[in-house]
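Numbering (my numbering), first residue to last: 33 to 622. Working notes, beginning with the structure itself.
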C-alpha cells in the first residue's frame with residue numbers, strides 16, 4: 033500500500049456507483065482532485081458553509097414583487113430537482129435563496145427542513161419546520177418533518193404532539209399512523225426502562241464470562257459450524273477466554289465478506305478481549321508516535337463493512353509499528369455494524385497499544401435503539417445479552433486521544449505548499465517543541481478554559497450515557513462553524529464553535545489541531561479554521577445516498593499529516609437501516 037505523503041492527497045475517482053468496480057488510487061493535489069461530474073462545487077464546500085445564509089443579488093432584490101415570487105418558485109423547483117438526486121446541500125442552498133426572495137411561502141422552509149434532516153442538521157430542521165407551521169398552521173408536512181427531527185435527536189415526547197396533529201390532518205395516511213403508534217411505544221419503553229433503572233448491561237460481561245467458563249449450551253460450538261475458530265487460552269484460568277492471531281482476524285473478515293456469521297462463543301470472546309483492554313485505559317489516551325512509525329485516524333464508518341474493508345486495505349492493519357485510531361461512529365445506520373465492531377474489537381484484543389478507539393455519539397444506547405444497532409444485534413446474536421455486553425464496552429471507550437509527535441516539525445523549505453496555516457505555523461507543546469493533535473469524535477466546549485486535565489478527570493464509567501449536556505456530550509456532539517463564537521447546534525444537541533474558539537483552545541492546551549469526525553464532508557475530509565480543526569469522514573456514499581468520498585489521515589513522527597481519499601465499494605443488496613425498529617419507520621416519508 034502506498035503511503036500518503038505530507039504534501040499530497042491520495043485519491044480515487046468518485047465517478048463509480050455502488051455496482052461498479054473501483055478505480056486505482058492516484059496521487060492528486062487537493063485543488064486538482066476530481067470528485068465526479070455529479071458532485072457540484074457547492075457540495076464540495078465545507079458543511080460549515082451551511083451556517084452562512086445565502087444572499088440574493090441586488091438585482092434580484094430590486095425586482096418587482098411578482099417577478100421575485102416567480103424567481104423564488106423557480107429556485108424552489110431547482111432545489112426539488114437537486115433533492116431528488118441526493119444533492120442535499122445544493123438543494124438547501126436553492127431553498128435558502130428562494131426564502132430570501134419570498135419569505136412568505138411555508139413550503140420553502142419545509143423543503144429546506146427536509147434537506148437539513150438528510151444532512152443531520154436536526155436543530156435547523158426544527159427551526160425551519162416551525163417557521164413553516166407559523167405561516168400555515170395546517171401544513172402537515174412541516175409537522176411531520178419537525179417530528180422527524182425530534183425523533184432523530186431522541187426527543188420522542190416533543191415529536192408526539194406533531195404526529196398527532198398530522199394524524200388529524202391526514203387520517204387516512206398509513207405511514208403517519210404507523211409512526212404515531214411506534215412513537216407511543218418508544219416513549220412507553222423508555223419510561224419503563226427508566227422506571228426500573230435498567231443498568232445499561234452492567235452485569236452482561238460477568239454473565240457472558242461465566243457462561244464461557246461453565247461451557248453452557250449457548251457457548252458450545254457444534255461440529256456443523258463452518259467458520260473461523262478461536263483457540264483456547266494457554267492455561268486453565270484463561271482457557272475459556274481464548275486467544276487470537278492475525279490469521280484468525282483475516283479469516284474472520286473473509287467469512288464476513290462471504291455473508292458468514294461468527295458463532296456467539298467467538299463473538300463474546302472477542303468483545304470481552306477488547307473490554308479487558310479498554311477498561312485499563314484513561315478517558316483521554318496519550319499516544320506518542322514511535323520513531324519512524326505512523327498513526328492513521330479513521331472517521332465515521334457507520335456499519336458500511338465493505339467500504340470499511342477497502343479502507344483497511346489502504347491503511348494496512350494495526351501492528352507493532354503502525355497504529356490505527358477509530359474515531360467513533362462505527363455502528364448504526366449501515367447494516368453491517370456487527371461485523372465492523374467485531375473486527376475493531378478483535379484488533380483491540382490482539383494489538384491493544386496500537387488499536388485506539390474513541391467513543392462517538394452513536395456508541396450510546398439511546399442512539400443504538402433508534403438507528404439500528406440494537407436491532408442488528410438481536411437478529412445476528414439472538415436475544416439481547418450481546419447488545420447489553422456491547423453497551424457495557426461502549427461505556428468503557430475513551431472519549432479522546434492526544435497524539436504527540438516525537439520529532440521536531442518540518443520547517444522552511446521542508447514545508448509543502450499544501451500545508452494549512454496550522455501546519456506551517458504550528459502550535460506546539462512547550463516542553464518538547466513537538467506537534468500534538470487532539471482527536472475527538474465531536475468537538476469543543478460551551479465554556480472557555482477547558483483543559484486536557486478536565487477531560488482526563490471525566491469519569492466515563494460513572495456517567496455511562498452522555499445525556500444532553502456537559503463535557504461528555506459536547507465531546508461527542510459539537511460541530512465547527514464558520515462564524516466566530518458559539519451558537520446553538522444545527523443538530524439540536526451540543527453546540528457550534530467558531531474558528532476563534534478553536535484557536536484559543538488550541539493555544540491554551542498546546543494543541544496543533546483538533547481532528548474530529550461526526551459530519552459528512554463531500555471530499556472525505558476538510559481542513560477548517562485555518563487547519564486547526566480538521567473533519568475526517570470515512571463512510572463514502574454515506575447511507576448509499578450522499579455521493580461523498582471517504583478519507584483518512586496519516587500522521588508521521590514529525591506530526592506531518594497526509595490525506596487519502598477513497599470511494600464507495602460494491603456491497604450486497606441490503607439497504608442501510610435494515611434493522612431499524614418501527615420507531616424510525618416512515619421518517620421523511622412525506
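Positions of the beta carbon are idealized from the N, C-alpha and C atoms, including for glycine.
#1: Could you tell me which of 304, 457, 253 sits nearest to residue 276, measuring between CA atoms?
#2: Could you please give me the residues that DSSP links to residue 388 through a beta bridge?
#3: State the DSSP-derived secondary structure class of residue 175, mapped to helix, strand or coil.
#4: Taking the straight line between their C-alpha atoms, what separation do you get for residue 113 and residue 136?
#5: Any contact between the segment 328–343 and the segment 529–541? By contact I mean 3 or more CB pairs, one from each, below 8 angstroms.
#6: In or out: residue 474 buried (at least 16 other Cβ within 10 Å) or exposed?
#7: I want to know whether the segment 174–189 touches the segment 153–162 - three or more CB-CB distances under 8 angstroms.
#8: Measuring CA to CA, which of 218, 143, 235 is closest to residue 398?
#9: Answer yes or no: the CB of residue 576 versus the heavy atoms of the ligand ZN, is any distance below 8 angstroms?
#10: Please classify residue 220 as buried or exposed, where buried requires at least 16 other C-beta atoms within 10 Å of its C-beta.
#11: Please go through the segment 411–471 and give each complete beta strand (DSSP E) segment of 3 or more residues, from N-terminal end onward.
#12: What do you reckon, are the CB atoms on residue 145 and residue 104 nearer than 9 angstroms?
#13: Rounding to the nearest angstrom, what Cα-Cα distance links residue 78 and residue 562 in this structure?
#14: Have a look at 360, 330, 602 and flag the residue whose alpha-carbon is nearest the alpha-carbon of residue 346.
#15: Where residue 498 and residue 393 are concerned, what is the direct C-alpha to C-alpha distance, given to the nearest angstrom?
#16: Can you find a C-beta in chain D that's less than 9 angstroms from the C-beta of residue 215?
#17: Relative to the C-alpha of residue 576, which candidate in 594, 587, 599, 583 has its C-alpha closest?
#18: Go ahead and pull the three-state DSSP assignment for residue 95.
#19: State the CB to CB distance for the pair residue 390 and residue 421, rounded to an integer number of angstroms; the pair is presumed to be in contact (CB under 8 angstroms).
#20: Counting along the chain, where does the alpha helix (DSSP H) carrying residue 19 start and finish?
#21: What does DSSP give as the partner residue(s) for residue 557 in the beta ladder?
#22: In chain order, what residues of the same chain have a beta carbon less than 6 angstroms from the beta carbon of residue 184, not counting five sequence neighbours either side?
#23: Give me the Cα-Cα distance between residue 355 and residue 124, rounded to the nearest whole angstrom.
#24: If we count the other Cβ atoms within 10 Å of its Cβ and call it buried at 16 or more, is residue 225 buried or exposed?
#25: Could you pull out every residue in the same chain whose Cβ sits closer than 8 angstroms to the Cβ of residue 483, ignoring the five residues on either side in sequence?
With the structure as the only source:
#1: Nearest option by C-alpha distance: 304.
#2: Residue 388 pairs with 357.
#3: Per DSSP, reduced to three states, the secondary structure at residue 175 is helical.
#4: Cα to Cα, the separation comes out at about 22 angstroms.
#5: In short, these stretches do not touch, since the Cβ pair count stays below three.
#6: With 16 or more other Cβ atoms within 10 Å, it is buried.
#7: Result yes; three or more Cβ-Cβ pairs closer than 8 angstroms.
#8: Ranked by how close their Cα comes to the Cα of residue 398, the residues 218, 143, 235 have 218 in first place.
#9: In the structure on display, the ligand ZN does not appear, and there are no ligands present to speak of.
#10: By the neighbour-count rule (16 or more Cβ atoms within 10 Å), residue 220 is not buried but exposed.
#11: Here the runs fully enclosed are 432–436.
#12: Not a contact, by the Cβ cut-off of 9 angstroms.
#13: Note that residue 78 scores a pLDDT of 38, beneath 50, so its modelled location is shaky; the value from the coordinates is reported in the next line. Each residue's Cα considered, the two are about 12 angstroms apart.
#14: Measuring from the Cα of residue 346, the nearest candidate turns out to be 330.
#15: Rounded to whole angstroms, residue 498 to residue 393 spans 8 angstroms at the Cα level.
#16: Note that chain D does not occur in the displayed structure, where there is just one protein chain.
#17: Sorting 594, 587, 599, 583 by C-alpha distance to the C-alpha of residue 576 places 599 at the top.
#18: In the structure shown, residue 95 sits in coil (DSSP, three-state: anything other than H, G, I, E or B).
#19: Wrong, their Cβ atoms sit about 20 angstroms apart, outside the cutoff.
#20: The shown model of the chain, from 33 to 622, leaves out residue 19, and the question about it has no answer.
#21: Per DSSP, 568.
#22: 154, listed in sequence order.
#23: C-alpha separation (whole angstroms): 39 angstroms.
#24: Exposed.
#25: Exclusion of the five residues before and after residue 483 leaves 540, 541 as the residues of its chain whose Cβ lies within less than 8 angstroms of its Cβ.
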